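Engineer: This is the structure, below, for whatever I ask next.
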Amino acid sequence: MSNLRYPFRKSWRWFLVDALDRVLDVVSIPKRQPFVPDAVRNILVIRLDHIGDVVCSLPVFPILKRRFPNARISVLVSQEGEALLAHHPYVDHVIVFRSNWFARTSRLDLGEMFRVLSELRNSKFDIGFDLRGDIRNIGLMVLARIGYRVGYGIGGGKSLLAESPPYDTKLHQVELARNLVTSEPISRNELKPEIYLTLEEKKSAWDLLASWGVSRQDYVIGLHPEAGYPSKEWGTDRYRDLVGKLIQKPETKVLVFGLDRAETVKKHYASSKQVVSCVGNLSLREAIATLHCCHVFIGNDSGLSHIAHALRIPTVVIASGTNEYEKWGVWLKPSMAVKHEVSCSPCHLEQCPIPGHPCLSDITVEQVAEAIRSVQTLDPTSRLVDNDSQTGVFRLT
182 MSNLRYPFRK SWRWFLVDAL DRVLDVVSIP KRQPFVPDAV RNILVIRLDH
232 IGDVVCSLPV FPILKRRFPN ARISVLVSQE GEALLAHHPY VDHVIVFRSN
282 WFARTSRLDL GEMFRVLSEL RNSKFDIGFD LRGDIRNIGL MVLARIGYRV
332 GYGIGGGKSL LAESPPYDTK LHQVELARNL VTSEPISRNE LKPEIYLTLE
382 EKKSAWDLLA SWGVSRQDYV IGLHPEAGYP SKEWGTDRYR DLVGKLIQKP
432 ETKVLVFGLD RAETVKKHYA SSKQVVSCVG NLSLREAIAT LHCCHVFIGN
482 DSGLSHIAHA LRIPTVVIAS GTNEYEKWGV WLKPSMAVKH EVSCSPCHLE
532 QCPIPGHPCL SDITVEQVAE AIRSVQTLDP TSRLVDNDSQ TGVFRLT
C-alpha cells in the first residue's frame with residue numbers, strides 16, 4: 182500500500198497505520214462471506230467525517246435503494262450529518278456517533294464508541310460501505326461483525342475488505358462514492374445531492390425571516406465568511422467590502438451566517454436593515470431551511486457552501502489552495518468556485534505559512550462580484566480566466 186495515493190492530510194499517525202496495515206496483510210482475518218445481492222436486507226453506510234463529505238455522499242442512497250430495493254439502509258454519521266439526512270426517503274435509519282475520530286472540537290469518546298459498536302452488532306448488517314477509505318471505519322465494521330465490507334484501502338485496512346475498487350485520483354469525491362456502490366455508468370451531472378425539508382420547516386424559516394424584516398419580495402443573498410480552517414478563509418475585510426457592493430440594490434437583503442467572523446461583518450453594517458445577522462440564532466437544521474430561502478449564496482470552502490449547493494441555490498465558493506477543490510467542491514451548474522492558482526497548492530495546511538496567503542488574498546472583491554453576476558444570470562460564460570466546464574472552477578491568473 183502506498184501513502185502517495187492517500188488524498189487526505191497526513192501526519193505521524195500515518196506511519197502507525199502503514200505499520201498496522203503491513204501486519205494485517207499477513208494475518209488471516211475473515212473478511213468475506215458469500216455475497217448474494219438478493220439476500221441483502223440490512224445495509225450500513227459509514228460517513229463520519231464532515232458536512233461537505235456527507236453532501237458528496239448523498240447521491241449514493243437512491244442508487245443503493247435501486248440496487249437493493251428490499252434492504253433497510255442505515256447510515257453512521259456525526260451529529261452534523263444527522264441534520265442532513267432528516268426526512269431522507271432513501272435512508273431508513275440514522276446512527277449518530279458523537280465525538281468520533283473525525284470530530285474537530287472534541288476527543289474520541291470511548292464510551293460513545295462502545296455504545297455505537299453495540300448498536301451496530303445488534304443490527305446484524307449484511308454489508309457495510311465505508312465511503313472515505315479509513316482504517317478506523319473499516320476496523321469498526323470488523324468489530325461490528327459485518328461480514329461483507331466494501332471500501333477503499335487508501336487509508337489502511339485494505340486486506341480487511343471484501344471489495345476495494347481502484348481509487349482513481351482524477352475523480353471527484355461524488356464519483357468515488359458512486360464507484361463503491363454501483364458499477365453503473367452514472368455521469369457526474371446525474372449525481373445530484375438532495376436535502377429534504379418539510380413544508381413546516383420552510384414555513385418556519387420564512388416566518389423567522391419576516392420577524393427580521395426580510396420578505397418574500399426581497400432578493401435574498403446568503404453569505405458565510407467562515408470555514409473549518411483559517412487557511413480556507415478569504416477574510417472579513419473582503420467580505421465586508423463585498424457586502425457593500427451587494428446592498429447597493431435596495432431590494433437586496435444579505436443574510437450573514439456563522440460565528441465570530443460573521444459577527445464582525447454584520448457589526449460593520451449594524452445600522453443597515455439590508456444586512457441581517459443569523460449568527461448564533463439557528464440550529465443546523467434551521468440554517469438549512471433558512472438557506473433554502475436564498476436566491477444566491479456566497480462563502481468559503483465550507484460545509485454551508487456544500488449545503489447551499491445541495492439545495493440548488495446558485496452558489497459561489499471562494500476556494501483556497503489547501504486542497505484540489507475541483508475534486509471536493511460544488512459540481513453542478515450554475516454553482517461555481519473562484520480559485521487563484523498557486524504553485525504551493527494543494528498544501529493541506531490549517532494555517533498558511535506564506536506571508537499574505539496569496540491563494541486567497543489575490544482573489545479580488547470584483548472577481549467574486551463577477552462570479553455572482555454569472556450565477557445570477559445562469560450564464561456559463563464569464564470574463565474570468567479558464568472556465569473549466571467539467572469542474573465548475575473559474576481559475577484566476
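If you want our numbering, it's the position in the sequence shown, counting the first as 1, plus 181.
Backbone N, C-alpha and C define an ideal beta-carbon position, used for all residues, glycine too.
Keep in mind it's a predicted model, so treat the numbers as computed, not measured.
#1: Is N318 helix, strand or coil by DSSP?
#2: V355 to S452, Cα distance in whole Å?
#3: Look at the alpha carbon of T363 and the alpha carbon of R248, and state the distance between them as a whole number of angstroms.
#4: Straight-line CA distance for K520 to H476?
#5: Roughly how far, in whole angstroms, is the beta-carbon of F295 from the beta-carbon of Y271, given that I think they are within contact range, below 8 angstroms?
#6: Per DSSP, Y400 is paired with what?
#7: Give every residue of the same chain whose Cβ lies closer than 6 angstroms to the Cβ of H274, excluding the five residues on either side of it in the sequence, and list them in chain order.
#8: Which residue from L266, P411 and C525 puts its Cα closest to that of L465?
#9: Buried or exposed, going by whether 16 or more other CB atoms sit within 10 Å of the CB of H487?
#10: Can you tell me whether I488 is helix, strand or coil according to DSSP?
#11: Taking Cβ positions, are R132 and D290 nearer each other than 8 angstroms?
#12: Out of S304, G332 and I308, state which residue places its alpha-carbon closest to the alpha-carbon of R317.
#13: Touching or not, the stretch 382-389 and the stretch 400-418, by the rule of three or more beta carbon pairs under 8 angstroms?
#14: Identify, in the order they occur along the chain, each residue of the same chain with its Cβ nearer than 6 angstroms to the Cβ of A491, setting aside the five sequence neighbours on each side.
#15: Does DSSP put T558 in a helix, a strand or coil?
#16: In terms of residue numbering, what span does the alpha helix (DSSP H) encompassing V297 cover?
#17: Going by DSSP, what residues sit across from L225 in a beta bridge?
#18: Let me know the secondary structure DSSP gives W193 once reduced to three states.
#19: Relative to the C-alpha of V424, which residue among G439, P411 and K447 is closest?
#20: Out of N370, H405, P347 and F306, which has the shortest C-alpha to C-alpha gap to V511?
#21: Can you confirm whether the stretch 318-331 touches the stretch 220-239 when touching is taken to mean that 3 or more C-beta pairs between the two stretches lie within less than 8 angstroms?
#22: What first and last residue would you give for the alpha helix (DSSP H) that runs through R176?
#23: Mind checking whether Y420 and L404 have CB atoms under 8 angstroms apart?
#24: Measuring CB to CB, does C474 end up less than 8 angstroms from G502?
Structural biologist: Taking the coordinates as given:
#1: The answer is helix: DSSP assigns N318 an H, G or I state.
#2: For the pair V355 and S452, the Cα-to-Cα distance works out to about 43 angstroms.
#3: So the two alpha carbons sit approximately 8 angstroms from each other.
#4: Using only the alpha carbons, I get a separation of about 22 angstroms.
#5: Contact between F295 and Y271 fails: their C-beta atoms lie close to 29 angstroms from each other, not under 8 angstroms.
#6: Beta-bridge analysis with DSSP links Y400 to T433.
#7: Beyond the five residues adjoining it in sequence on each side, H274 comes within less than 6 angstroms, by CB distance, of S255 in the same chain, given in chain order.
#8: Checking every option, the nearest Cα to that of L465 belongs to L266.
#9: Counting Cβ neighbours within 10 Å, H487 comes out buried, since at least 16 surround it.
#10: I488 falls in the helix class under three-state DSSP.
#11: For residue 132 there is no data in the structure shown, the boundaries of the chain being 182 and 578.
#12: Considering only S304, G332 and I308, the residue with the shortest C-alpha distance to R317 is G332.
#13: The stretch 382-389 is not in contact with the stretch 400-418.
#14: Contacts found: V236, P374 and I376.
#15: Assignment of T558 by DSSP, reduced to helix, strand and coil, places it in the coil class.
#16: In the DSSP assignment, V297 falls within the alpha helix (DSSP H) that extends over L291 to S304.
#17: Its beta-bridge partners are S255 and G309.
#18: With a pLDDT of only 49 at W193, under the threshold of 50, the placement of this residue in the model should not be trusted; the figure read from the coordinates follows. Coil at W193, not helix or strand.
#19: Closest option to V424, judged by alpha-carbon separation, among G439, P411 and K447: K447.
#20: The closest CA to that of V511, considering only N370, H405, P347 and F306, is found on N370.
#21: Yes, the stretch 220-239 is in contact with the stretch 318-331.
#22: Residue 176 falls outside the range modelled here, since the chain spans only 182 to 578, and no answer is possible.
#23: In this structure, the beta-carbon distance from Y420 to L404 falls below 8 angstroms.
#24: Result no, Cβ atoms of C474 and G502 do not sit closer than 8 angstroms.
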